[in-house]
Amino acid sequence: VELASVASAQNGLFIEKLMSILATNLSRIKPSPTMAVTGLARDLKAAGADVIGLGAGEPDFDTPEHIKEAAIAALHKGDTKYTAVDGTAELKEAVCAKFKR
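Residue numbers (full-length UniProt numbering): 1 to 101.
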């Protein structure tokens, strides 16, 4: 019984130390830049600013058929690698044209 009590106490100290280390490490974690930008856009919209949020999100509709077909065509063409971080020239031109309308 005494040995079990010692083991239980040691286990409790171990768990306490582990939780302390975990809490310290978790307090150092910062939000991802994507989530920070998404939050900022949400706050600005709530304040009445005309904001287009391009940070993160999930559409509430299915992908349109023409986009699915374009994705399949791109795969068959071999466009399967990462592009530049800011997108292709064609994509940037299309986005600018859409938001100018």
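Ideal placement from N, C-alpha and C gives every residue a C-beta, glycine not left out.
- Relative to the Cα of leucine 54, the nearest Cα in the group Thr63, Phe61, Ala89 and Thr34 belongs to Thr34.
- Inter-residue distance for glycine 48 and lysine 17 is about 47 Å (C-alpha atoms, whole angstroms).
- Alanine 7 has its alpha-carbon roughly 50 Å from the corresponding atom of leucine 40.
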